[in-house]
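Enquirer: By full-length UniProt numbering, the letter at position 123 of the sequence shown is numbered 123, and the numbering carries on one by one without gaps. If you scroll down you'll find the structure; I have some questions about it.
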Amino acid sequence: MKYKKIRYEDMLVYEIDSIDNLKDAFIPKLIIQPIVENAIYHGLRPNGGGKINISFESFDNDIIIIVSDNGKGFDTEKLKEDSPSDNKIYLGGIGIKNVDHRIKLLCGDNYGISIKSAPGMGTKVIIKLREKSS
């Protein structure tokens, strides 16, 4: 996030909330970065800037990472209608689909990415991982 902050200067404000029992949790490489890049490029840049919040939670034996932004948002139903043959199209670009696929390979089909968004309301990406030791 520091590098993104340097690149986008005053356009980007970010906050990272974590809980102590997850500080040593295993988070696979390149899971969060494509989500943050999407938030900046598609959500914040068109509005001239905004805020990204990244939070980490532990629930049962799962790690939940939530990346939310206050950007322009989008209609997830419209994307699904435009490409009914690909029921994962709502995940956006190849980078996010790749992250979802990698999570499912590592953790199982009950894990991966889901997206909640609405025009003008920002976007929330929920990443669900199985908790395991590094």
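Glycine is no exception: its CB is placed at the ideal position from the N, C-alpha and C atoms.
(1) Over what stretch of residues does the alpha helix (DSSP H) that includes Asn-98 continue unbroken?
(2) Drop a sphere of 10 angstroms on the beta-carbon of Asn-61, count the other beta-carbons inside from all chains shown, and report buried for 16 or more, exposed for fewer.
(3) Need the endpoints of the alpha helix (DSSP H) that Glu-37 sits in, please.
(4) Pull up the CB-CB distance for Val-36 and Val-13, whole angstroms please, since I reckon it's below 8 Å.
(5) To the nearest angstrom, how far is it from the Cα of Ala-25 to the Cα of Ser-55?
(6) Closest to Ile-113 by CA distance: which of Met-121, Gly-122, Glu-57, Val-99 is it?
(7) Thinking Thr-123 and Gly-49 are a contact (beta carbons under 8 Å), I'd like their distance in whole angstroms, please.
Expert: Well, looking at it:
(1) 94–107 is the extent of the alpha helix (DSSP H) around Asn-98.
(2) Burial state of Asn-61 is exposed, judged by a 10 Å Cβ sphere holding fewer than 16 other Cβ atoms.
(3) Glu-37 -> alpha helix (DSSP H) spans 33–38.
(4) That pair is no contact at about 13 Å.
(5) Their Cα atoms are separated by approximately 14 Å.
(6) When each option's Cα is compared against that of Ile-113, the closest is Val-99.
(7) The pair is not a contact, with the Cβ atoms about 15 Å apart (cut-off 8 Å).
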